[in-house]
Amino acid sequence: MKKFFAEYIRIIAYTSLGLVFVLASFYLVINYQHSEEVAKKLYISSTESNYLSYKDKLAKIDNNLESFKTKKIDNKNIQRLYNKLLTCSNILKKDDGLANLKTNNYYTSYDIYKLGNNFQSQVLNVCWAVHLSYLSSDEVPEEFKEIAPYIPNTVDLASNQVLSALDEIENNSSYFYSTNITSATIRDYLSSDYTAIAKAYSGFADIVLNLSEFINNSEGGQDA
Amino acid sequence: MLKIANKFCYYLKNILLPILLVATIYIIGYMFQRLGKDMFGANLMEFVSVVLPFLLLMIILIFNTFLKHDNVRNCFFYNFTSLLVMIVIFIFCYRALFDQNMYMWHKYTYKINFNYFSDQLGPTKIMLYVLSVANILLIIEGYMKKDKKKEKVKLNSKKVLGTAE
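Protein chains in written order, with the numbering used here: chain P, -12 to 211; chain V, 7 to 171.
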């Protein structure tokens, strides 16, 4: 009887040890995989399409605003919009934004996070919320009623894109962030987060560009 | 070769266990400070629940060392699994303290990733508790074997005495 119990206890001890062995091995492997995934750096070249298109849009905005400056427009609403667009253009060109990204460089997930955070704090909170959001309100001036309706949707889209990318980076302490066999072939988290943020910048630059084109082509303008 | 590996695992896990306990208390201390919790006051039980599996395993280890339970000492599978668990807990502590690639490391000014560490507390407790239970079971098994050996020796000595008479 004693022999039976001794053997039985031995089996239980070894089984529980086996379970711990499997659990520890699992955590060892997943931690390795996860640390590799979060340590992955993103290389952004000078020919990166989102970056180039953003820079191109900023140059066009500058041209349009410069061109508008040489015109004499009496319309106060358009003048007001011009001043706001000028401020926005300066915000979009700020140091922490996409415009001043050092290309041909490696970026960590934290760098990408800061890029997205800058979009929220500067572009959305200042440029959109303080300066341009009146275009989506009920008191939008008559002149802008044609172009105003499409703006909020674009801003919402950009905002949501950045929010989800930032959420993903914030949650990179969890194992779901690590690449598994399926997602390795479908997506690279850091790359997709960067793309989402860069597209949001680009989308917002589109709004400013369209508005700058609109005021530049507005009637009533005279060359100086 | 197996004996050397067994001794290596046995001593290394014994060295790692108190180090990991200190590291865990260090992280938990700052975690409580950030949350405004009193470690030795109202939240004592929460603190004890984290430290208890470490202490339990340490007490059993001391018990093993002084009473010289060969059944546990010579069990390579137990020692190897224990070392593996210690390595995993070491990785948890190391990453919580030094892995700057995780965003939460930067979020709080403490330069510790509390979010990651608190996620790992569950598996850490489970592994340590099961190791303790396995250790106790191996000790019991060792006692049973010893009793059996004693009985055999008694029987043998009785037989020897019987033949001599």
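Here a beta-carbon is modelled for each residue, glycine too, at the ideal position from N, C-alpha and C.
Residue(s) in a DSSP beta bridge with residue i
i, result
"Y30 of chain P", "P:Y93"
Residue i - containing alpha helix (DSSP H), residue span
i, result
"L27 of chain V", "8 to 41"
"L73 of chain V", "50 to 73"
"A192 of chain P", "176 to 203"
"T115 of chain V", "It is not in any alpha helix (DSSP H) - T115 of chain V carries neither H nor E in the DSSP assignment."
"L79 of chain P", "63 to 79"
"E126 of chain P", "First-last for E126 of chain P: undefined, no H or E at that position."
"D105 of chain V", "Taken as a continuous stretch (DSSP letters only), D105 of chain V belongs to no alpha helix (DSSP H), as it is neither H nor E."
"S146 of chain P", "137 to 157"
"N87 of chain P", "It is not in any alpha helix (DSSP H) - N87 of chain P carries neither H nor E in the DSSP assignment."
"Y76 of chain V", "Inspection of the sequence shows that residue 76 of chain V is occupied by Asp rather than by Tyr. D76 of chain V -> alpha helix (DSSP H) spans 76 to 79."
Beta-carbon gap between residue i and residue j smaller than 8 angstroms
i, j, result
"I156 of chain P", "S96 of chain P", "yes"
"N51 of chain P", "S189 of chain P", "no"
"L137 of chain V", "I95 of chain V", "no"
"L122 of chain P", "I138 of chain P", "yes"
"V56 of chain V", "L134 of chain V", "no"
"H218 of chain P", "K59 of chain P", "This structure cannot speak to residue 218 of chain P, because chain P is shown only from -12 to 211."
"Y41 of chain P", "A185 of chain P", "yes"
"A145 of chain P", "F191 of chain P", "yes"
"S54 of chain P", "N203 of chain P", "yes"
"I48 of chain P", "V195 of chain P", "yes"
"H21 of chain P", "S179 of chain P", "no"
"F120 of chain V", "M37 of chain V", "yes"
"I31 of chain P", "T74 of chain P", "no"
"L29 of chain P", "Y94 of chain P", "yes"
"M150 of chain V", "F8 of chain P", "no"
"S151 of chain P", "A183 of chain P", "yes"
"N62 of chain P", "E130 of chain P", "yes"
Inter-residue spacing [alpha-carbon to alpha-carbon] between residue i and residue j
i, j, result
"N92 of chain P", "S33 of chain P", "9 angstroms"
"S3 of chain P", "I132 of chain V", "11 angstroms"
"N64 of chain P", "V127 of chain P", "10 angstroms"
"N158 of chain P", "Y109 of chain V", "7 angstroms"
"Y17 of chain V", "S88 of chain V", "11 angstroms"
"K132 of chain P", "F123 of chain V", "53 angstroms"
"M64 of chain V", "L90 of chain V", "16 angstroms"
"L144 of chain V", "I(-4) of chain P", "7 angstroms"
"Y176 of chain P", "I99 of chain P", "11 angstroms"
"M92 of chain V", "T130 of chain V", "9 angstroms"
"L88 of chain P", "E35 of chain P", "11 angstroms"
"N140 of chain P", "D193 of chain P", "13 angstroms"
"Y38 of chain P", "Y162 of chain P", "30 angstroms"
"K101 of chain P", "I78 of chain P", "15 angstroms"
"K(-11) of chain P", "M7 of chain V", "33 angstroms"
"N77 of chain V", "G42 of chain V", "46 angstroms"
"Y19 of chain P", "K152 of chain V", "43 angstroms"
"P136 of chain P", "D125 of chain P", "11 angstroms"
"L22 of chain V", "I68 of chain V", "14 angstroms"
"N49 of chain V", "K117 of chain V", "23 angstroms"
"H75 of chain V", "G148 of chain V", "7 angstroms"
"M45 of chain V", "L73 of chain V", "34 angstroms"
Q.
Taking 8 angstroms as the cut-off, does the stretch 0 to 19 of chain P touch the stretch 69 to 89 of chain P (at least 3 CB pairs, one atom from each stretch)?
A. No: the two stretches stay apart, fewer than three of their Cβ pairs being nearer than 8 angstroms.
Q: Would you check if there are 3 or more beta carbon pairs closer than 8 angstroms linking the stretch 78 to 94 of chain V to the stretch 11 to 26 of chain V?
A: yes
(Q) Counting beta carbon pairs with one atom in the stretch 19 to 37 of chain V and one in the stretch 99 to 108 of chain V, are three or more of them shorter than 8 angstroms? (A) yes
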